[in-house]
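Following our numbering, the numbering of the sequence shown begins with 1 at its first residue and continues without gaps. C-beta: ideal position from N, C-alpha, C; glycine also. The structure under discussion appears below in the form of structure tokens.
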Amino acid sequence: MAHSTFKGGIHPHKRKRFTREKPIREYYPKGELVYPVSQHIGGPAVPIVKVGERVLKGQVIAKADGYISVPIHASVSGTVTAIEPRMTVSGNAVLSIVVENDNQYERIPIESFRPWQELEPGDRILQIQRAGIVGMGGAGFPTHVKLAVKNPKKIRTVIVNCSECEPYLTSDYRRMVENPEWLVMGLKMILSLFERAVGIFAIEDSKRDAVTALQLASGKESRMEVKVLETKYPQGSERMLIYACTGKEINSSKLPADAGCIVHNVDTVCAIYQALAFGRPLTERVVTVTGKALVNPRNFNVPIGTSFAELIDAAGGFSVEPKKLVAGGPMMGISLFDLNVPVVKTSSALLCMTKDDAARFRPSACIRCGSCVEACPEGLLPAKLAELAEHFKEEEFRSMYGMECMECGSCSYVCPARRHLTQSIRAMRRGLLAKGKR
Numbered sequence: 001m002a003h004s005t006f007k008g009g010i011h012p013h014k015r016k017r018f019t020r021e022k023p024i025r026e027y028y029p030k031g032e033l034v035y036p037v038s039q040h041i042g043g044p045a046v047p048i049v050k051v052g053e054r055v056l057k058g059q060v061i062a063k064a065d066g067y068i069s070v071p072i073h074a075s076v077s078g079t080v081t082a083i084e085p086r087m088t089v090s091g092n093a094v095l096s097i098v099v100e101n102d103n104q105y106e107r108i109p110i111e112s113f114r115p116w117q118e119l120e121p122g123d124r125i126l127q128i129q130r131a132g133i134v135g136m137g138g139a140g141f142p143t144h145v146k147l148a149v150k151n152p153k154k155i156r157t158v159i160v161n162c163s164e165c166e167p168y169l170t171s172d173y174r175r176m177v178e179n180p181e182w183l184v185m186g187l188k189m190i191l192s193l194f195e196r197a198v199g200i201f202a203i204e205d206s207k208r209d210a211v212t213a214l215q216l217a218s219g220k221e222s223r224m225e226v227k228v229l230e231t232k233y234p235q236g237s238e239r240m241l242i243y244a245c246t247g248k249e250i251n252s253s254k255l256p257a258d259a260g261c262i263v264h265n266v267d268t269v270c271a272i273y274q275a276l277a278f279g280r281p282l283t284e285r286v287v288t289v290t291g292k293a294l295v296n297p298r299n300f301n302v303p304i305g306t307s308f309a310e311l312i313d314a315a316g317g318f319s320v321e322p323k324k325l326v327a328g329g330p331m332m333g334i335s336l337f338d339l340n341v342p343v344v345k346t347s348s349a350l351l352c353m354t355k356d357d358a359a360r361f362r363p364s365a366c367i368r369c370g371s372c373v374e375a376c377p378e379g380l381l382p383a384k385l386a387e388l389a390e391h392f393k394e395e396e397f398r399s400m401y402g403m404e405c406m407e408c409g410s411c412s413y414v415c416p417a418r419r420h421l422t423q424s425i426r427a428m429r430r431g432l433l434a435k436g437k438r
């Protein structure tokens, strides 16, 4: 039985008013573009260009290295000036291809290709891999791997994650309002791979005009429906969406396909449409540049490789000195210490917070109120797990299902003692994963 939501969760302040009504604007970068070869889960791409070589927009500059890998394409035309480690959003230096933009935006000629309806399913999936498409709303899992399931007939539900439940973010919302037909066509292309599946646009009830746009665009599609969900965080988690749409529960050891489901986010579905309909590789994405510290927050369609520093200037610069900069949303984003890092395939937002928004509190002792337990969408005991993590009790941590934590931040958000519950649990989880323990 499907539900309109899930157990637990929280209702953080939306803070979407800064950019909700701001249409997507094209951004043309001025300086050099930096392309890290590792922008996805799996094997990093391998550079196939040389320093001094001129490249065109859409040209492959790094090839996929193995099956769980995708190529990287130039998002502008220009000259390769370096292939060297550069700092990324993660805080790590990653081998990157640096291209000096010539501002010509000369596109590589698209090879002749057959209409997608004439392609065999395997060839459609191969085209998606060649386009360099990955999950653009999460960790960047290669999309072609998700689609190439062993038994396509077991897939009964394809869910498009339209929830965009993180505060501040509006890039998906603007895409739904401005280009709903892209989403419908992208979902139609995915459904063509799974003859027994239905398609669901899973969207929160606070996005009424986006609901209407999707309903109108998909009205004639018998295999699609728009499912309106309760507005709650983290509604956009794969596990939460699957439960809300189908009533099926999966844990961290299983994939959505084990429940007969495939989940894609809005930008990924649009990228699939562009790749199969026009042969266009993934070279740009929508980024929300927002926060009180900015003069003019915006939603930009940004060439991948653009520096975050340029986007600050495009949004009018800072109105006040920001206290905190975050790549992504405030709940699951990554704090930045340097704006001179590139937009990559998984970059959804740049959040510029003032001192009031990023106020710090000194953590105190747990008062055993149980708020974190009520908020946890996985039904865990966050305070106990954090205590075990802080004392490095690995076996007990695993026995209490600590590895099921999705690191959504709900427990830290509601904790009246301001304890860093998510951070402690995350550190333990990643330490155990590094050791190969689940």
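Give me the Cα-Cα distance between residue i and residue j, rounded to the nearest whole angstrom.
i    : j    : result
L421 : Y168 : 23 Å
A45  : P363 : 42 Å
G8   : I68  : 34 Å
V289 : F141 : 24 Å
S4   : C411 : 22 Å
T212 : Q104 : 39 Å
D102 : A64  : 26 Å
R114 : M185 : 17 Å
R86  : K207 : 38 Å
S319 : N299 : 18 Å
R426 : E395 : 16 Å
D209 : A434 : 44 Å
Y35  : S335 : 20 Å
E100 : T88  : 18 Å
P256 : E230 : 21 Å
G66  : G42  : 9 Å
A386 : C369 : 15 Å
R419 : V373 : 14 Å
G132 : K254 : 25 Å
L182 : H264 : For the sequence presented, residue 182 should be read as Trp rather than Leu. Roughly 14 Å separates the two Cα atoms.
S77  : G58  : 8 Å
A271 : G135 : 10 Å
T19  : S399 : 43 Å
I312 : K16  : 18 Å
Quickly, what does DSSP pair residue i with across the bridge? List them, please.
i    : result
I159 : I200 and V263
S307 : P342
F300 : R25 and V287
E225 : I200
N101 : G78
V49  : BP columns for V49 are empty, so no partner.
L56  : None, per the DSSP bridge assignment.
H73  : V60
C352 : L325
I334 : A327
P142 : V134
F318 : L294
L441 : Outside the shown range of the chain, which is 1 to 438, sits residue 441, and nothing can be said about it.
Y233 : I10
Whose CA, out of the options, lies closest to the CA of residue i?
i    : options                   : result
T143 : S90, P109, V70 and N151   : V70
G31  : F308, V344, I68 and M185  : F308
F194 : T346, N101, I262 and A93  : I262
Y413 : I41, A359, E396 and A202  : A359
I128 : Q274, Y173, Q117 and P303 : Q274
F201 : V266, A259, G78 and P416  : V266
E321 : A314, G291, R25 and A349  : G291
Y27  : R130, A315, E378 and Y401 : A315
T81  : Q39, L33, G58 and D123    : L33
L282 : R15, I10, I72 and V145    : I72
C415 : L380, C366, L350 and M403 : C366
D357 : K324, D172 and R174       : K324
Who are the near neighbours of residue i in its chain, counting only those whose CB is closer than 6 Å to its CB and skipping five residues on each side?
i    : result
E390 : S424
G333 : V326 and A327
P47  : A62, I83 and I97
G279 : I110 and F113
M1   : Any reading at M1 needs caution, since the residue's pLDDT is 48, under 50, leaving its predicted position unreliable; the model's value is listed next. The answer, listed in chain order, is G247.
Excluding the 5 residues preceding and the 5 following residue i in the sequence, name in chain order all residues of the same chain whose CB lies nearer than 7 Å to its CB.
i    : result
R223 : L191, V198 and G199
R284 : The sequence as given places Glu at residue 284; Arg does not occur at that position. Within the same chain, E284 has close Cβ partners S75, N301, V302, P303 and I304.
L187 : V158, V160, G199, M224 and V269
G260 : K154, I155, R156 and T157
V55  : V49, I61, A74, S77, G78, V80 and V99
Cβ of residue i within 6 Å of any heavy atom in the ligand SAH?
i   : result
S75 : This structure does not include the ligand SAH; it has no bound ligands of any sort.
Cutting at 8 Å between CB atoms, please list the residues of its own chain near residue i, excluding the five before and the five after it.
i    : result
V177 : D209, A210 and A213
V228 : S4, I203, E204, D205 and V211
S338 : As written in the sequence, residue 338 is Asp, which differs from the Ser given in the question. Excluding sequence neighbours, D338 sits near M87.
K384 : M400
ask   = Looking at C-beta atoms only, is the number of pairs between the segment 158 to 178 and the segment 226 to 237 that lie closer than 8 Å three or more?
value = yes
inquiry  = I want to know whether the segment 51 to 60 touches the segment 134 to 151 - three or more CB-CB distances under 8 Å.
reply    = no
query = Does the count of Cβ pairs from the segment 342 to 352 and the segment 88 to 100 closer than 8 Å reach three?
reply = yes
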